[in-house]
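See structure below.
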Amino acid sequence: MENYHTVLEAITSSQKQGILAIIVHVEGSAYQKEGACMWIDEEGYITGLISGGCLEETLSIQAQEIWQSQRPTIVTFDLKQEDDLSWGQGVGCNGTIHLLLLPITEQLRADLLTVKRHLEQNQHVLMVKKWGEAATDENSWLFLAENGQRWGNVEYEIPADLLNQRHAVGTFQTKNGIFTISGASFYLQHFWPKPRLIIFGANHDVKPLVSFAKQTGFSVTVVDWRPALCCPEQIPDADQWMVGFPKEAIPQLRLCERDFVVIMTHQFQRDQELVSLLSQQPLFYCGILGPKRRTARLFPDFSIPDGIHSPIGLSIGARGPEEIAISILAEMIHVLRKQPSPEGGIR
Numbered sequence: 510m511e512n513y514h515t516v517l518e519a520i521t522s523s524q525k526q527g528i529l530a531i532i533v534h535v536e537g538s539a540y541q542k543e544g545a546c547m548w549i550d551e552e553g554y555i556t557g558l559i560s561g562g563c564l565e566e567t568l569s570i571q572a573q574e575i576w577q578s579q580r581p582t583i584v585t586f587d588l589k590q591e592d593d594l595s596w597g598q599g600v601g602c603n604g605t606i607h608l609l610l611l612p613i614t615e616q617l618r619a620d621l622l623t624v625k626r627h628l629e630q631n632q633h634v635l636m637v638k639k640w641g642e643a644a645t646d647e648n649s650w651l652f653l654a655e656n657g658q659r660w661g662n663v664e665y666e667i668p669a670d671l672l673n674q675r676h677a678v679g680t681f682q683t684k685n686g687i688f689t690i691s692g693a694s695f696y697l698q699h700f701w702p703k704p705r706l707i708i709f710g711a712n713h714d715v716k717p718l719v720s721f722a723k724q725t726g727f728s729v730t731v732v733d734w735r736p737a738l739c740c741p742e743q744i745p746d747a748d749q750w751m752v753g754f755p756k757e758a759i760p761q762l763r764l765c766e767r768d769f770v771v772i773m774t775h776q777f778q779r780d781q782e783l784v785s786l787l788s789q790q791p792l793f794y795c796g797i798l799g800p801k802r803r804t805a806r807l808f809p810d811f812s813i814p815d816g817i818h819s820p821i822g823l824s825i826g827a828r829g830p831e832e833i834a835i836s837i838l839a840e841m842i843h844v845l846r847k848q849p850s851p852e853g854g855i856r
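Below, the structure written as structure tokens:
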């Protein structure tokens, strides 16, 4: 999952000075793509990764110089060579990465805090920075929220086509990088809210799915009608616990087209009630635990609708709660990245 959530948290919760490193362009192959970022504070502590660990030490050293100058800087790393004679740059990845290093000023920290708050309100945010000669202008950034709010420190005109980008993107399907519009070049960085995973059911096999999904970057809500099971003591890694029957819980969830839903109550009638209530909800992903034949019986015409993932998960021969959780999570990531999921699942 995107690492900017942890980076934003680190920057906005600290008063330390430091550098925000963002990959703005990749040629060939690299460990991370455009938009990956990293925070290096004044003491050299790093949050996030822009490589597999081969560039972080070099950047940590460069960050001290950039922080002292208080000027944004563009640096390039050639990873094509296989020798190890240049500060670990020659790692044989067959790619070149270009990074923008931004000193964290009071203005930028405040702007990033506003980004974080919009993400927490389930709002997409687009960052625009003019490229070319203006790329190292410390005042040249603009943030555009999904609700139309604008903030930042910018003095140049933004082409209308660029402003419309925030309305023309598909859910989670946006490309970061340098774009030329109306003769001007800009770097675009999309910030998406954490995808929300709602799990119906709080039995023992839910725990590894909650844990793995949380580590991967999902915001996880567990819903169950049994308070003794649906609680922090039983499922400590969840972000939210909602106790209630499906008819009570679903209206409170305010489901949207960015949500992922997994049904695993292990009770047929409860699952039947859930699929009926969820049938008209705009969901990004919906999967049901259990054999395909059982899932078909949940629907009035014994036919599984398009968009329902059953059997849930990728077909990896999973056994036990942990492997099943990995299978489910792998399928959700496939869907998130808009890659067709292999046929099959947990049987």
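Just so we're aligned: 521 in this note's numbering is position 12 of the sequence shown, and the numbers increase by one with no gaps anywhere.
Where a beta carbon is used, it is the ideal one built from N, C-alpha and C, also for glycine.
Residue from the options with nearest C-alpha to residue i
| i | options | result |
| --- | --- | --- |
| ARG618 | GLN790, CYS739, ILE528 | ILE528 |
| GLN573 | ILE549, CYS563, LEU558 | ILE549 |
| ILE583 | CYS563, TRP576, HIS607 | HIS607 |
| ASP733 | HIS713, SER720, LYS723, GLN724 | HIS713 |
| VAL784 | PHE793, ILE797, HIS775 | ILE797 |
| GLN526 | ILE559, GLN616, ASP810 | GLN616 |
| ILE837 | GLN698, TRP701, ILE772 | ILE772 |
| LEU786 | GLY822, GLN743, ALA758 | ALA758 |
| GLN698 | CYS739, VAL719, LEU653 | LEU653 |
Run of the alpha helix (DSSP H) containing residue i, from where it starts to where it stops
| i | result |
| --- | --- |
| ASP794 | Contrary to the premise, residue 794 reads as Tyr rather than Asp in this sequence. Segment 794 to 797 is the beta strand (DSSP E) holding TYR794; no alpha helix (DSSP H) there. |
| ILE570 | 565 to 578 |
Residues sharing a beta bridge with residue i, DSSP
| i | result |
| --- | --- |
| PRO612 | ILE528 |
| HIS534 | HIS607 |
| TRP640 | TRP640 is not bridged to any residue. |
| VAL663 | Answer by DSSP bridge pairing: none, since VAL663 is not bridged. |
| ILE833 | Bridge partners of ILE833: none, in fact. |
| TRP650 | LYS638, ASN662 |
| GLY686 | LEU697 |
| ARG705 | SER728 |
First and last residue of the uninterrupted beta strand (DSSP E) at residue i
| i | result |
| --- | --- |
| GLN698 | 693 to 700 |
| GLY826 | Taken as a continuous stretch (DSSP letters only), GLY826 belongs to no beta strand (DSSP E), as it is neither H nor E. |
| VAL771 | 769 to 772 |
| THR521 | Premise fails: THR521 lies in the alpha helix (DSSP H), 513 to 521, not in any beta strand (DSSP E). |
| THR582 | 582 to 587 |
Outcome for residue i when other beta-carbon atoms lying within 10 angstroms are tallied against a minimum of 16
| i | result |
| --- | --- |
| PRO741 | exposed |
| ARG705 | buried |
| ASN656 | exposed |
| TYR513 | buried |
| ASP815 | exposed |
| PHE727 | buried |
| GLY710 | buried |
Residue-chain proximity (residue i, chain C), Cβ-Cβ < 9 Å
| i | result |
| --- | --- |
| ILE559 | Among the chains in the structure shown there is no chain C, since it carries only a single protein chain. |
Heavy atom of the ligand ZN within 8 Å of residue i beta-carbon
| i | result |
| --- | --- |
| VAL624 | With respect to the ligand ZN, the structure offers nothing, as it holds no ligand at all. |
Worksheet item: At what residue ranges does the stretch 707 to 760 contain a whole run of the alpha helix (DSSP H), taking only runs of 4 or more?
Response: 715 to 725
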